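There are 2 protein chains.
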Amino acid sequence: MKDDCIAAFAPATVANVGAGFDILGFALHQPGDEVVARFNDSHRVVLTRITGDGGKLPLQTELNTAGVAVMKLLEHLNLRKGIDLEVHKKMPLGSGLGSSAASAVAAVVAVNALIGSPLKKIELLPFALEGERMACGAAHADNAAPSLLGGFILIRSYTPLDIVQLETPERLHAVVVHPHIEVKTKDAREILKKSLLLKDAIVQWGNIAGLVAGLMKSDYDLISRSLNDVIVEPVRSILIPGFNAVKAAALCEGALGCSISGSGPSVFALTTEASIAQRVADAMQKVFAEQGVASNAFISKINSEGAYVVPSSTYAAL
Amino acid sequence: MKDDCIAAFAPATVANVGAGFDILGFALHQPGDEVVARFNDSHRVVLTRITGDGGKLPLQTELNTAGVAVMKLLEHLNLRKGIDLEVHKKMPLGSGLGSSAASAVAAVVAVNALIGSPLKKIELLPFALEGERMACGAAHADNAAPSLLGGFILIRSYTPLDIVQLETPERLHAVVVHPHIEVKTKDAREILKKSLLLKDAIVQWGNIAGLVAGLMKSDYDLISRSLNDVIVEPVRSILIPGFNAVKAAALCEGALGCSISGSGPSVFALTTEASIAQRVADAMQKVFAEQGVASNAFISKINSEGAYVVPSSTYAAL
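If you're matching them up, the sequences are chains A and B in order. If you use our numbering, the first sequence closes out at 318, no skipped numbers anywhere. If you use our numbering, the second sequence closes out at 1318, no skipped numbers anywhere.
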C-alpha cells in the first residue's frame, strides 16, 4: 500500500435497541463497510468504485453517503484536495443495520487519516451525519455515532448534538438476523403515529431509563426486563413477516430481549453468551424459514472500538 | 422508651426530577415525618394523634395514609395485632414533597420493627403504596420508594413493580423551595394532556436516559444538560406564580437544573456544593417574594439511606 492510500472499516450498528427510539444504538464487530481513500490529481472527490451493492448505489459523489460526508469534511477544513474513494459494501443494504451510516463513517475515517488526522474521531461525526442526512432525509445519529465510536451510544439530544458513551457489559453478545425482504426506511418512518398516549410514553421512558441503568451496572436481568418497546415495535413489526414468532423463539432460547434493528427488517437479540447467541440465531432463522423467508444471521460481541483505519498488511488483500 | 414502642422517620422526596415523570425520585435528609407505633389491647390499628398538620388530616385509620399502610401490612402478615399510631408531620402538606408517602413509609417501618422485623425494608414498599393509593387515587411509587430506600430510585415499571436503585453522585445538593400556595395533586394531574407528540417524547426520553447515565457516572455536566422536562413542566408551571423567573434565578446562581418537585408547588434545584445551594435557595425565595408569595427553603444532600427507626435516646425527646 502506498502512503497516500488509506482504508478504513466501519461496523454495522443496531439502532433504537428496544425502547430507545432515535436515541440509542450499539456497534457490532461484523459485518461492516470498508472505504479506500487516495489522492487524485483533480480538486474533486470522485467515487471510483463501489463493490458489494449489486449496482444499487449511485457513483455520483453528491448522491452517495460516503461522497457527501467527505465533501462536507473537506469543506469544513477548507481543503481543496482531490480524493478518490472506493466503497466496499460488506453488509446488506436497506437491512436496518446502518449501511449508509457505515459507508459515511468509514469514508470520513479514511480521509481524515489520509490528510494527516487533523480531527479527532468524535469530531468526524457531524460530517458522517451529513451523509446520513442525504441518504435518509434526516441526520439520525443512532447508527453513525456507534459505528464511529463503538459500544452503546446515547444521543441525549439532537439540538445541540450531545453524544454520551455508555458502558458495554462484558458478557453481552448480539444476534442480528436479516430476513431477505425489503423495508424502506422512509416507509418504516411514515407508518409511525405522530403522537402517543402519555401513559404509554411513561412505560417507554421507564424502560429506556432501566436499559441505561442496566448497561451501566452490567445488570443483565435489568437489561432483559428493560428491553421492551411499547411504541414503535408494535407498529413496525407488521412490516416483518412472522416477527412475533421470531421474537418468541429468541426469548424461548434464552435471549435477554429481542426487537427490530433500526427501521428493520433485521431483528436483533441480546444474549449473555456466544453459545446462547448461536441457539437464538438458529431459532430465529428457523421461524423466518417457516414463513418462506430466507435470512442470514450475524453473531457478534459488542464492538467497543468502532471504526478504525485498516492496517496496510490487511489492506493489501482488498 | 419501652420496648413495645418504636418511632421511625421517613424523609421528604422529590419526584419526577425533570424528565422522569412518574418514574424517578430522590430523598432529602430533611424535612420528613415521624410515626410512633406501640401495641394496644384491641385488635385494631388506631390513630391516636396527629401533630403538625394544622388539623387537616383525618384520624380515621382507613382514611389516613399511615393507617391504611399499616392495616395492609398486618393483613398481609395475617397478624391481628392492636397498634396505636402517632403521626408527627414535620413537613408541609400538599407541597409536592411526598408528604403522604413519608407518613405511610414511616408507619410501615415503625410497625415492622415493632413486630420483630419480619419483612426486609424493600418488602415494605407495596404497603406504603397502598397508603398512597388511598391518598392520591393511584399508587405512584416515585415518592414512597425513595422515601423508604433513599437515594435516586427509578420505577422501571409499575406492572409489575420494578424498583431500581441508581447511584448518588457524592457532591449533589438539593434545594427545595416551598411557596405557600396550594396546588392539589389531583388538579396537577388533570391539567396534563393525555397524549403528546412523538418528537417531544423523543426529546424527553433522551433526557431521562441522559440523566440516568449522568447519575451513574457522577457526570455533573451531563446531569445538568439532562435536567430538562419538555412535557410536564411547561403545563404545570402555570400553576406556580413566577415559576419561570424562579427557575432562571436558580440557573443564574449556578444550579445544575431546576424544575417542579412532584406535582408542585415546590420547586427543586440540584447543585454541586452547599454554598451554591444556599445562594440558589436565596435567589429562588427572593423571586417568589417579589411575586408576593412567601416560601420556605430546604437544603439537603441527597439522602442515601431513606427511612429509619429512630434510636430510643432521640425518640425520648419526641
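Even for Gly, the Cβ is constructed at its ideal location relative to N, Cα and C. None of the values given here were measured: they were computed from a predicted structure.
- Burial state of residue 79/A is exposed, judged by a 10 Å Cβ sphere holding fewer than 16 other Cβ atoms.
- DSSP places residue 1061/B in no beta strand (DSSP E); its state is neither H nor E.
- Distance from the CA atom of residue 1206/B to the CA atom of residue 1018/B, rounded to whole angstroms, is 12 Å.
- Within the same chain, Cβ atoms closer than 7 Å to the Cβ of residue 82/A are found at 39, 40, 41, 42, 43, 44, the five residues on either side in sequence being excluded.
- For residue 167/A, no alpha helix (DSSP H) encloses it, and the DSSP letter there is neither H nor E.
- By the Cβ neighbour-count rule, residue 1151/B is buried, with 16 or more other Cβ atoms within 10 Å of its own.
- Excluding the 5 residues flanking it on each side, residue 229/A has same chain C-beta neighbours closer than 6 Å at 18, 19, 259, in chain order.
- Fewer than three Cβ pairs drawn from the region 1053-1061 of chain B and the region 1104-1120 of chain B lie within less than 8 Å of each other, which leaves the two stretches out of contact.
- In the structure shown, residue 98/A falls within a coil segment according to DSSP collapsed to helix, strand and coil.
- In this structure, the CA atom of residue 247/A is about 11 Å from the CA atom of residue 233/A.
- Proximity of residue 208/A to chain B, defined by a Cβ-Cβ separation below 7 Å, is satisfied.
- Looking at 1010/B, 1024/B, 1279/B, the one whose alpha-carbon comes closest to that of residue 1263/B is 1024/B.
- Taking 3 residues as the minimum length, the beta strand (DSSP E) runs contained wholly in the region 1129-1209 of chain B are 1152-1158, 1161-1165, 1173-1179, 1195-1197, in order along the chain.
- Across the structure, residue 305/A and residue 28/A are spaced so that their CA atoms are roughly 10 Å apart.
- DSSP places residue 259/A in no alpha helix (DSSP H) but in the uninterrupted beta strand (DSSP E) bounded by 257-260.
- Taking a Cβ-Cβ cut-off of 9 Å, residue 25/A has no neighbours in chain B, whose nearest Cβ is about 12 Å from it.
- Per the coordinates, the alpha-carbon of residue 266/A lies some 15 Å from the alpha-carbon of residue 189/A.
- Unbroken beta strand (DSSP E) runs of no fewer than 3 residues, entirely contained in the region 1218-1281 of chain B, are found at 1257-1260, 1267-1271, following chain order.
- In this structure residue 125/A touches residue 163/A by the C-beta definition: roughly 7 Å separates them, less than 8 Å.
- Taking 7 Å as the threshold, the shortest C-beta distance from residue 83/A to chain B does not fall below it.
- Residue 126/A carries a helical assignment under DSSP once its states are collapsed to helix, strand and coil.
- If you draw a straight line from the Cα of residue 1196/B to the Cα of residue 1235/B, it is about 12 Å long.
- At a beta-carbon threshold of 7 Å, none of the residues of chain B lie near residue 9/A; the nearest stands roughly 28 Å away.
- For residue 1285/B, the secondary structure class from DSSP, reduced to helix, strand or coil, is helix.
- Contiguous alpha helix (DSSP H) elements confined to the region 9-93 of chain A occur at 65-77, taking only those with 4 or more residues.
- The Cβ neighbour count for residue 1255/B, taken over all protein chains shown within 10 Å, is at least 16; the residue is labelled buried.
- One thing to note: residue 1047/B has its Cβ within 7 Å of the Cβ of residue 1064/B.
- Collapsing the DSSP output to three states places residue 1121/B in a helix.
- Under the DSSP assignment, residue 294/A falls outside any beta strand (DSSP E); it carries neither an H nor an E label.
- In terms of beta-carbon proximity, residue 227/A stays away from the interface with chain B, with every pair separated by 7 Å or more.
- Sequence-ordered contacts of the region 1143-1163 of chain B with chain A read 1154, 1155, 1156, 1157, 1162 [C-beta pairs closer than 7 Å].
- Residue 1022/B reaches chain A at 202, counting residues in chain order whose Cβ is nearer than 7 Å.
- Using a Cβ distance threshold of 7 Å, residue 1069/B and residue 1131/B count as a contacting pair.
- Contacts between residue 1195/B and chain A, judged by CB atoms closer than 7 Å, involve 195, 196, 197, 198 in chain order.
- Within chain B, the residues placing a beta-carbon under 7 Å from that of residue 213/A are 1154, 1164, 1166, 1212, 1216, ordered along the chain.
- By the criterion of a C-beta distance shorter than 6 Å, residue 1301/B is surrounded in its chain by 1173, once the five residues flanking it on both sides are discounted.
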